[in-house]
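Undergrad: Residue numbers (my numbering), protein chains in the order written: chain A, 1 to 338; chain B, 1 to 338. Quick one: this structure, given as structure tokens, is what I'll be asking you about.
Protein chains: 2
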Amino acid sequence: MSNETQQPSPEHFFETANAYQRSAALKAAVELDIFTAIGEGRADAASVAAACGASERGVRILCDYLVVIGFLTKEGGRYGLTRDSAVFLDRRSPAYMGGTLEFLLSPTLMSGFEDLAAAVRRGGTVVPDGGTVSEENPVWVKFARAMAPMMVPAALEIARLAGGPAGRRLKVLDIAAGHGVFGVTIARQNPSAEVVALDWPAVLEVARENAEAAGVSDRWSAIEGDAFAADFGSGYDVILLTNFLHHFDPPTCETLLRKVRAALADGGVAVTLEFVPNEDRVSPPIPAAFSLMMLGGTPGGDAYTYPELERMFSNAGFSRSELHRLPASPQTLVVSHK
Amino acid sequence: MSNETQQPSPEHFFETANAYQRSAALKAAVELDIFTAIGEGRADAASVAAACGASERGVRILCDYLVVIGFLTKEGGRYGLTRDSAVFLDRRSPAYMGGTLEFLLSPTLMSGFEDLAAAVRRGGTVVPDGGTVSEENPVWVKFARAMAPMMVPAALEIARLAGGPAGRRLKVLDIAAGHGVFGVTIARQNPSAEVVALDWPAVLEVARENAEAAGVSDRWSAIEGDAFAADFGSGYDVILLTNFLHHFDPPTCETLLRKVRAALADGGVAVTLEFVPNEDRVSPPIPAAFSLMMLGGTPGGDAYTYPELERMFSNAGFSRSELHRLPASPQTLVVSHK
Chain A
1 MSNETQQPSP
11 EHFFETANAY
21 QRSAALKAAV
31 ELDIFTAIGE
41 GRADAASVAA
51 ACGASERGVR
61 ILCDYLVVIG
71 FLTKEGGRYG
81 LTRDSAVFLD
91 RRSPAYMGGT
101 LEFLLSPTLM
111 SGFEDLAAAV
121 RRGGTVVPDG
131 GTVSEENPVW
141 VKFARAMAPM
151 MVPAALEIAR
161 LAGGPAGRRL
171 KVLDIAAGHG
181 VFGVTIARQN
191 PSAEVVALDW
201 PAVLEVAREN
211 AEAAGVSDRW
221 SAIEGDAFAA
231 DFGSGYDVIL
241 LTNFLHHFDP
251 PTCETLLRKV
261 RAALADGGVA
271 VTLEFVPNED
281 RVSPPIPAAF
291 SLMMLGGTPG
301 GDAYTYPELE
311 RMFSNAGFSR
321 SELHRLPASP
331 QTLVVSHK
Chain B
1 MSNETQQPSP
11 EHFFETANAY
21 QRSAALKAAV
31 ELDIFTAIGE
41 GRADAASVAA
51 ACGASERGVR
61 ILCDYLVVIG
71 FLTKEGGRYG
81 LTRDSAVFLD
91 RRSPAYMGGT
101 LEFLLSPTLM
111 SGFEDLAAAV
121 RRGGTVVPDG
131 GTVSEENPVW
141 VKFARAMAPM
151 MVPAALEIAR
161 LAGGPAGRRL
171 KVLDIAAGHG
181 VFGVTIARQN
191 PSAEVVALDW
201 PAVLEVAREN
211 AEAAGVSDRW
221 SAIEGDAFAA
231 DFGSGYDVIL
241 LTNFLHHFDP
251 PTCETLLRKV
261 RAALADGGVA
271 VTLEFVPNED
281 RVSPPIPAAF
291 SLMMLGGTPG
301 GDAYTYPELE
311 RMFSNAGFSR
321 SELHRLPASP
331 QTLVVSHK
């Protein structure tokens, strides 16, 4: 926003109109591995271009643009990584998340924004078959492969909150498990935890790989299918609902939550990970903006406020819910007691 | 950019990955005329939805997003326009520029960013036939129809600088005239000015309409064709090069500038309107970022610094150039003397 004390200016309009180029520039830089090349000490366009197999002119223009949008520094003509780019975009960093663009900028997700006016008219996605929630949509395999790194901090916090002390027997159901990282992390932290992951078969292959890589496959099993149709079994101490409810409207969520409650043992909890905006629905920016992602990509999904989530759980028979803010994450945990 | 004194955060990465949604939301809001509906006093999602022929749910989510990205306000659940949105996005405002999105977000312009990594590898557009500079590309008709409102402040300044006092005879050539607003504005300000507009035939129709609407068609004529091939004639006092040089590499620009110089009368000037970044090439943000638009959309175009432009004019035989910053515009004027 331009400063309201200055003259009117179309600059913010112009920058927002062209904002799609920011996504494209970040994607190109990750695909070419520009950040790693600079992190390794290459500081001028010619050296970066040689390392990345690109033209010097193209690298110079791209890197200058990345300085403008805050991903690189430039001092005396030499490029450097910002602190955040070094942590998240240099492939050698353990917190590297460049791979998440495979999902975030997949044609499937982006297609929901090709005619957003039509989605606003309708009040839901205009992508055929319900957009991203269509049956066995292969974008969720991409999600499972790409998004695990972004989930690690939340997974550790869930394990801390709901994974019980190491050695306490625990039966966990991970609904729409995706990469499976949430259940797998509990199994790693608590050697007496058993985890059942539910998802479509092609997605479960990724979760199974992650369970094997973590050395917990002897305590890991799978249920193939749709969360609304599959038989959950029963007696779970913890049921995980991570980034799942936002795809559906409240009545659909409540239908699922009744089924979740029925599958919990006495004293069991549902743990929900969500983008939870404040009640004004316009803050904080990332959870508030997530609502538009659901308008573009789903028939009835939304970013729900905490009172809305609490009401859904209450309507489904849960006795009480608690909010847990996650440090260093735009997401929030809700723990709901049977 | 997150504050470097805080913990590392992927928020800027996440917001930039999703930045394409900002462009889409602005486009949807303009297409649905949301800003006008709110400017007329509708303040809740239901009333705006009724006025715009859209769903309340869709409008609520879109308007909340527009608050997050700085185009609307929200107080006590009621939406309002920001000062800049009232000036530039309410259709009833004389400075309305919502229509510029027809060009800025045209499939032709955006196609240059579908595989930006490939353009960085090559050092120029990968869109067939040279992208936006392909012969008679119909995007320039769209440009001519859409972009005139954004050009008015610069056109007035050009007329003030180079249009001569009213009554002084002046022969003006407007190269790649587009909407023709630059030449037409000189003709309006100086009743003794004669303007020749050069562009492809389909584009010239738009310029001709604008000349007629301004009541200057008796002093307005046209040359159909390509600026590199057409016969300019000679004896011009002023030759306008507005938003044209950035499409080409320096040798191509110099070839054109020699031709421009030859068509000028003694004492004549070339007036160039451009995005001119500082020599660091990363400031100010809008001119610096414009370079990427040229990488995505043209074989060899760029946003040139003032020393680069000065050198091109000098190499083409011009005696000297002067820089004129435009108030309230991201663009700059360069006046070059034969």
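Here a beta-carbon is modelled for each residue, glycine too, at the ideal position from N, C-alpha and C. None of the values given here were measured: they were computed from a predicted structure.
Report the three-state DSSP secondary structure of L72 of chain A (helix, strand or coil).
TA: Numbered from its first residue, the first sequence carries residue 72 of chain A at position 72. Three-state DSSP puts L72 of chain A in a strand.
Undergrad: What's the C-alpha gap between W220 of chain A and E40 of chain B?
TA: Within the first sequence, residue 220 of chain A is the residue found at index 220, counting from 1. Within the second sequence, residue 40 of chain B is the residue found at index 40, counting from 1. Whole-angstrom Cα-Cα distance: 59 angstroms.
Undergrad: Following a CB-centred definition, is P165 of chain B positioned closer than 7 angstroms to any heavy atom of the ligand HEM?
TA: Judged by which ligands are present, the structure shown has none, so any question about the ligand HEM falls away.
Undergrad: Run down chain B in chain order and give the residues with a C-beta less than 7 angstroms from the C-beta of I69 of chain A.
TA: Working through the first sequence from its first residue, we reach residue 69 of chain A at position 69. Within 7 angstroms Cβ-Cβ: T16.
Undergrad: Got a sec, what are the start and stop residues for the beta strand (DSSP E) V141 of chain A sits in?
TA: Position 141 of the first sequence holds residue 141 of chain A. Run containing V141 of chain A: none in the beta strand (DSSP E); it sits in the alpha helix (DSSP H), V139 to A146.
Undergrad: Quick check on K344 of chain A: does DSSP put it in helix, strand or coil?
TA: Outside the modelled stretch of chain A, which goes from 1 to 338, sits residue 344 of chain A, for which no answer is possible.
Undergrad: Please state if the CB of L170 of chain B and the CB of V163 of chain B are separated by a distance shorter than 8 angstroms.
TA: By 1-based counting over the second sequence, the position of residue 163 of chain B is 163. By 1-based counting over the second sequence, the position of residue 170 of chain B is 170. Note on residue identity: the sequence assigns Gly, not Val, to residue 163 of chain B. Cβ atoms of G163 of chain B and L170 of chain B: closer than 8 angstroms.
Undergrad: Note down, in chain order, each residue of its chain lying with its Cβ closer than 6 angstroms to the Cβ of V133 of chain B, except the 5 sequence neighbours on either side.
TA: Taking the first residue of the second sequence as 1, we reach residue 133 of chain B at position 133. Here the set comprises H247 and T298.
Undergrad: On the premise that S319 of chain A lies in contact with V335 of chain A, defined as a C-beta separation below 8 angstroms, what is that separation, rounded to the nearest angstrom?
TA: Walking along the first sequence from the start, residue 335 of chain A turns up at place 335. Walking along the first sequence from the start, residue 319 of chain A turns up at place 319. V335 of chain A to S319 of chain A, Cβ: 12 angstroms. No contact.
Undergrad: Skipping 5 residues on each side, what residues in its chain have a beta carbon closer than 7 angstroms to that of P307 of chain B?
TA: The residue you call residue 307 of chain B lines up with position 307 of the second sequence. Excluding sequence neighbours, P307 of chain B sits near E279.
Undergrad: Would you decide whether Q7 of chain B is buried or exposed? Buried here means 16 or more other CB atoms lie within 10 Å of its CB.
TA: For the purposes of this step, residue 7 of chain B is taken as the residue at position 7 of the second sequence. Under this definition Q7 of chain B is an exposed residue.
Undergrad: Any C-beta of chain A sitting closer than 8 angstroms to the C-beta of M97 of chain B?
TA: Against the second sequence, residue 97 of chain B aligns to sequence position 97. Yes, M97 of chain B counts as interfacial toward chain A.
Undergrad: List the endpoints of the continuous beta strand (DSSP E) containing L333 of chain B.
TA: Working through the second sequence from its first residue, we reach residue 333 of chain B at position 333. First-last of the beta strand (DSSP E) with L333 of chain B: T332 to H337.
Undergrad: Which bits of chain C does I61 of chain A rub up against, with CB to CB less than 8 angstroms?
TA: Reference to chain C is not applicable here, since the protein chains of this structure are A and B.
Undergrad: I'd like the list of long-range same chain contacts for V139 of chain A, defined as Cβ closer than 8 angstroms, with 5 residues on each side in sequence excluded.
TA: Residue mapping note: residue 139 of chain A aligns to position 139 of the first sequence, counting from 1. Excluding residues within five positions, the ones whose Cβ falls inside 8 angstroms are F103, S106, T108, L109 and T132.
Undergrad: Can you list, in chain order, the residues of its chain whose CB lies under 7 angstroms from that of G296 of chain A, leaving out five sequence neighbours each side?
TA: Along the first sequence, one-based indexing puts residue 296 of chain A at 296. G112, F113, L116, A119 and T125.
Undergrad: So, with DSSP's three-state summary, where would you put M1 of chain A?
TA: By one-based count along the first sequence, residue 1 of chain A stands at place 1. Any answer about M1 of chain A is weak, because its pLDDT of 41 lies below 50 and its placement is not dependable; what the coordinates show is given next. It is coil, neither helix nor strand.
Undergrad: Does E4 of chain A come within less than 8 angstroms of chain B when only Cβ atoms are used?
TA: As a first step, residue 4 of chain A must be located in the first sequence, where it is residue number 4. Only weak support exists for where E4 of chain A lies, its pLDDT of 48 falling under 50; the value from the coordinates is given anyway. Output row for E4 of chain A: interface = yes.
Undergrad: Less than 8 angstroms between the beta carbons of D84 of chain A and H337 of chain B, yes or no?
TA: Counted from its first residue, the first sequence places residue 84 of chain A at position 84. Counted from its first residue, the second sequence places residue 337 of chain B at position 337. Result no, Cβ atoms of D84 of chain A and H337 of chain B do not sit closer than 8 angstroms.
Undergrad: How would you write the range of the beta strand (DSSP E) that E308 of chain A sits in, first residue to last?
TA: For the purposes of this step, residue 308 of chain A is taken as residue 308 along the first sequence, with counting starting at 1. No beta strand (DSSP E) contains E308 of chain A, which is instead part of the alpha helix (DSSP H) from Y306 to N315.
Undergrad: Comparing the C-beta of P55 of chain A with each C-beta of chain B, is any distance below 8 angstroms?
TA: Stepping through the first sequence from its first residue, residue 55 of chain A is reached at position 55. Checking the displayed sequence, the identity of residue 55 of chain A turns out to be Ser instead of Pro. At least one chain B Cβ lies under 8 angstroms of S55 of chain A.
Undergrad: Rounding to the nearest angstrom, what Cα-Cα distance links H324 of chain A and A159 of chain A in this structure?
TA: What you label residue 324 of chain A is simply residue 324 of the first sequence in a count that begins at 1. What you label residue 159 of chain A is simply residue 159 of the first sequence in a count that begins at 1. If I take the Cα positions, the gap works out to 13 angstroms.
Undergrad: Using a Cβ-Cβ distance cut-off of 8 angstroms, determine whether M1 of chain B contacts chain A.
TA: To locate residue 1 of chain B, count along the second sequence from 1; it is residue 1. In this predicted model, M1 of chain B has a pLDDT of only 41, less than 50, meaning its place in the structure is not dependable enough to derive any value.
Undergrad: Classify F228 of chain A: buried if its beta carbon has 16 or more other beta carbons within 10 angstroms, exposed otherwise.
TA: As a working note, residue 228 of chain A is residue 228 in the first sequence. F228 of chain A should be labelled exposed.
Undergrad: Name the residues in the stretch 145–156 of chain B whose C-beta lies less than 8 angstroms from a C-beta of chain A; which are they?
TA: Hits within the stretch, in order: M150.
Undergrad: Would you report the Cα separation of A202 of chain B and D226 of chain B, rounded to the nearest angstrom?
TA: Locating residue 202 of chain B in the second sequence gives position 202, counting from the first residue. Locating residue 226 of chain B in the second sequence gives position 226, counting from the first residue. If you take the alpha carbons of A202 of chain B and D226 of chain B, they lie about 12 angstroms apart.
Undergrad: Starting from V206 of chain B, trace the beta strand (DSSP E) in both directions and tell me its first and last residue.
TA: To locate residue 206 of chain B, count along the second sequence from 1; it is residue 206. No beta strand (DSSP E) contains V206 of chain B, which is instead part of the alpha helix (DSSP H) from P201 to A213.
Undergrad: Here's a check: name, in chain order, each residue in its chain whose Cβ is nearer than 7 angstroms to the Cβ of V238 of chain A, leaving out the five neighbours to either side.
TA: On the first sequence, residue 238 of chain A is found 238 positions in, with the first residue counted as 1. Hits under 7 angstroms: A162, L170, V172, G268, V269 and V271.
Undergrad: Listing by chain order, which chain B residues have their CB less than 7 angstroms from the CB of A25 of chain A?
TA: Taking the first sequence and counting its residues from 1, the one referred to as residue 25 of chain A is at position 25. Within 7 angstroms Cβ-Cβ: L116 and L292.
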